[in-house]
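In this text, residue positions in the sequence shown follow numbering that gives the first Met the number 0: the first is 0, and each later residue adds one.
Every residue, glycine too, gets a C-beta built ideally from N, C-alpha and C.
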Amino acid sequence: MKISKDCVVSIHYTLTNDDGEKLDASQPEQPLAYLHGADNIIPGLEQALEGKAPGDAVEAVVEAKDAYGEVNQDLIQEIPRSAVAGIDNLEVGMMLQAQGPDGQVQPLTVEAIAEETVTVNANHQLAGERLHFDVTVDSVRDATAEEIEHGHAH
Ligand code: ZN
0 MKISKDCVVS IHYTLTNDDG EKLDASQPEQ PLAYLHGADN IIPGLEQALE GKAPGDAVEA
60 VVEAKDAYGE VNQDLIQEIP RSAVAGIDNL EVGMMLQAQG PDGQVQPLTV EAIAEETVTV
120 NANHQLAGER LHFDVTVDSV RDATAEEIEH GHAH
């Protein structure tokens with residue numbers, strides 16, 4: 000069967016960036032299962048997989064806007080060092096967890112450390128990146144009513 004909305008799809012994938020660096024991959028024995036058409040995966044990859052069938056190999060180059068979005072400068076902010084006073088070994092590149100206004104946990108990356116301030120970036124780590132996916136479709140099946148209701152594969 001072909002991939003369309005409300006199918007549960009299993010894929011083997013390797014994700015690399017524009018420089019050919021491997022960023023992520025599925026485990027050989029454990030393909031990634033997702034619910035197609037439910038925003039479980041980035042839109043550009045979902046589009047590339049539409050209509051494919053088990054055994055199909057797909058190479059997809061996904062622009063940032065169809066992946067994790069462009070870098071939003073408003074999400075890069077300077078905060079006083081006192082706000083992170085409790086964190087030991089603060090260093091550039093470190094990931095922090097901030098509590099959002101609605102109690103949601105927001106990951107932040109430390110971009111720069113100055114005497115009085117720290118620059119933190121709340122963009123997704125892959126924002127602004129063009130992504131390269133090397134995918135093989137493993138299986139495709141109809142989602143159950145429960146999966147469609149939950150919006151994810153079981
Ligand atoms: Zn569920």
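Determine the extent of the alpha helix (DSSP H) in which residue i is found, giving its start and end residues.
i, result
"Leu-146", "Inspection of the sequence shows that residue 146 is occupied by Glu rather than by Leu. 144 to 149 is the span of the alpha helix (DSSP H), which, as asked, contains Glu-146."
Name the two residues that bound the continuous beta strand (DSSP E) containing residue i.
i, result
"Glu-110", "104 to 112"
"Glu-79", "It should be pointed out that residue 79 corresponds to Pro in this sequence rather than to Glu. Start and end: 75 to 79."
"His-11", "6 to 15"
"Leu-130", "130 to 141"
"Glu-58", "56 to 61"
"Val-91", "Element bounds for Val-91: n/a, residue is neither H nor E."
"Leu-34", "31 to 34"
"Val-70", "Segment: none, Val-70 is in no beta strand (DSSP E) and carries neither H nor E."
"Asn-120", "116 to 120"
Where does residue i land, buried or exposed, given buried means 16+ other C-beta within 10 angstroms?
i, result
"Ile-10", "buried"
"Lys-51", "buried"
"Val-61", "buried"
"Asn-71", "exposed"
"Ala-66", "buried"
"His-131", "buried"
"Ile-41", "buried"
"Leu-44", "buried"
"Leu-14", "buried"
Can you tell me which of the three DSSP states residue i falls into?
i, result
"Leu-44", "helix"
"Asp-23", "strand"
"Ala-82", "helix"
"Gln-96", "strand"
"Lys-64", "helix"
Could you tell me whether any Cβ in chain D is nearer than 7 Å to the Cβ of residue i?
i, result
"Leu-34", "The chain labelled as chain D is not found in the depicted structure, where only one protein chain is given."
For the structure I just gave you, are there three or more beta carbon pairs, one from the segment 95 to 113 and one from the segment 139 to 151, closer than 8 Å?
no
Per the contact definition of three or more C-beta pairs closer than 8 Å, is the segment 34 to 51 in contact with the segment 0 to 7?
yes
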